[in-house]
Amino acid sequence: MDHVSSGCTTTHPSTLRRLGWTEEDQKAFLKYSGPYVPGRVACRQKTVWDVLTEDGSVTAGISGALRKLGRFPAVGDFIVLLHQPEAGVSTIVDILPQRTRFTRGSSGREGTDQVIAANVDIVFIVTAAGHDLNARRIERYLAIAHASGARPVIVINKSDRAEDPHLLAERIIPVSAGIPVIPISALSGDGIRGLDPYLAPGTTIALIGSSGVGKSTLINRLLDNPVQETSQIRESDGRGRHTTTVRQLFLLKGGALMIDNPGLREVGVGTASTGMAETFPDILELAEGCKFSDCRHEQELGCAVQEAARSGILSSSRLESFHRLMRELSFEQEKAEIGLVRSEKRRWKGITKMAREIKRGKGE
Ligand code: GDP
Ligand code: ZN
């Protein structure tokens, strides 16, 4: 039976699904009809967005309402587009709820300009055999990945440099907390098939990791059509102006999608605060035995974590990295809180001043 259009929005679910569109998005989109079409942000350039729709790519601006709210769509966002080709304008009027998000800094206002990438399902934490293969660094990236809500997978690249690729994985397993660890060589293609389970059609992948570990090499290997997909897109924005942008969301072989942008590549530990528990589940579990519920596992009496470290159940380097990450995070948080305290003080100053003036006004 043919799908009968309601006469409002004609959607071709198969095309949308190729862009990572899910049932949830469909539900959120239901309230829109008429000239509205769904799309996914492939690139943002200041005030111009490239949006992939079922009819191809469109250059769009955002509505005044979104701008006023400071809601700027990020790469990966599913959005509602007011598409008026006859008028030569396309406007993003809404951002559908984000399943996951990478943000810039822990003090960021959620859902605003601080979002680097949205709706990433799986994040490949890429490291490489050699000096980059560092458990501490991986813990840091794990915290970032967990904080985003995306599922992490640890990828050890340049396995061609190691005598035994499996030994590479073994070095990382103690910090991986049950996360898959996959050795590959992006250069030779060895082990690449190990990534297949995570590259299902419609799945959105992102890569994080230090510069030089081979992220670009891996992306090129996974791309459907490297030349076409990484090439620059030129679109008329309807005002006779051509914009040239590098797309940051593209299709991989087999139908998965990849988000790669400079912001993600530079993502820092500041975004990791909510990912600590998932990164250190062993410490969290031990902490249940601590005497004090607010134990920081430093010098406290009756600290089960310190006890585990002393008896060798917990490696002392793992406890050290927990403490180091906590210190970095609390520094980030302090910075944010100092800002808060300041504005609170200012508010109180205002209130007390007002109270005094009221008293004076009453003739006291
Ligand atoms: P990115 O900065 O993470 O994007 O890293 P690139 O993809 O630019 O790679 C950095 C360097 O590592 C380049 O010279 C690549 O050729 C090299 N490289 C990438 N993958 C591999 C690999 O699997 N094995 C080896 N030996 N070199 C690799
Ligand atoms: Zn403790």
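Following the working numbering, the numbering of the sequence shown begins with 2 at its first residue and continues without gaps.
All C-beta atoms, glycine included, are put in the ideal place defined by N, C-alpha and C.
Could you compute how far the alpha carbon of residue i sits from the alpha carbon of residue j?
| i | j | result |
| --- | --- | --- |
| Ala61 | Asp191 | 41 angstroms |
| Gln46 | Ala151 | 25 angstroms |
| Ser237 | Ile63 | Only weak support is given to the placement of Ser237: the predicted model assigns it a pLDDT of 45, under 50, and the value that follows is read from those uncertain coordinates. So the alpha carbons of these two residues sit roughly 16 angstroms apart. |
| Ile314 | Pro153 | 26 angstroms |
| Ile93 | Gly35 | 15 angstroms |
| Glu308 | Ser316 | 11 angstroms |
| Phe281 | Ala178 | 7 angstroms |
| Pro175 | Arg100 | 29 angstroms |
| Pro184 | Leu196 | 10 angstroms |
| Glu25 | Pro98 | 9 angstroms |
| Leu67 | Glu321 | 44 angstroms |
| Ile219 | Ile123 | According to the sequence provided, residue 219 is Leu. The question's Ile does not apply to it. In a straight line, the C-alpha of Leu219 is about 15 angstroms away from that of Ile123. |
| Arg141 | Leu200 | 24 angstroms |
| Leu285 | Ala278 | 6 angstroms |
| Asp95 | Asn120 | 15 angstroms |
| Asp283 | Cys44 | 39 angstroms |
| Leu252 | Ser217 | 15 angstroms |
| Glu55 | Leu31 | 17 angstroms |
| Gly340 | Gln115 | Caution applies to Gly340, whose pLDDT of 40 falls short of 50 and renders its modelled position unreliable; the value that the coordinates give is listed next. Their Cα atoms are separated by approximately 17 angstroms. |
| Gly256 | Gly65 | 35 angstroms |
| His147 | Ile155 | 12 angstroms |
Helix, strand or coil for residue i, going by three-state DSSP, please let me know.
| i | result |
| --- | --- |
| His376 | Only positions 2 to 365 of the chain appear in this structure, which leaves residue 376 out of reach. |
| His132 | coil |
| Ser318 | helix |
| Ala163 | coil |
| Phe73 | coil |
| Gly195 | helix |
| Asp78 | coil |
| His298 | coil |
| Glu335 | Legend: pLDDT at Glu335 = 49, less than 50; position of this residue unreliable, value from coordinates given subsequently. Correct three-state label for Glu335: helix. |
| Gln27 | helix |
| Gly21 | coil |
| Leu143 | helix |
| Thr104 | strand |
| Gly65 | helix |
| Gly213 | coil |
| Gly255 | helix |
| Ser91 | strand |
| Ser149 | helix |
Could you spell out where the beta strand (DSSP E) holding residue i opens and where it closes?
| i | result |
| --- | --- |
| Thr205 | 205-209 |
| Arg45 | 37-46 |
| Ile155 | 152-158 |
| Val121 | Note, Val121: premise wrong, no beta strand (DSSP E); not H, not E. |
| Pro184 | 182-184 |
| Phe251 | 250-252 |
| Ser34 | Where Ser34 is concerned, there is no enclosing beta strand (DSSP E), given that its DSSP letter is neither H nor E. |
| Asp51 | 49-54 |
At what residues does the alpha helix (DSSP H) containing residue i begin and finish?
| i | result |
| --- | --- |
| Val176 | 166-177 |
| Thr218 | 216-223 |
| Gly264 | 263-266 |
| Ala309 | 305-312 |
| Asp283 | 282-288 |
Beta-carbon separation of residue i and residue j under 8 angstroms?
| i | j | result |
| --- | --- | --- |
| Phe125 | Leu208 | yes |
| Leu223 | Ile180 | no |
| Gly40 | Ile80 | yes |
| Ala118 | Asn262 | yes |
| Phe103 | Val268 | yes |
| Gly77 | Thr205 | yes |
| Leu82 | Val42 | no |
| Ser91 | Val49 | no |
| Ala136 | Ile193 | no |
| Arg72 | Gly264 | no |
| Ala305 | Gly290 | yes |
contact_flag[the stretch 148-163, the stretch 120-140] where n(CB pairs < 8 angstroms) is 3 or more
The stretch 148-163 is in contact with the stretch 120-140.
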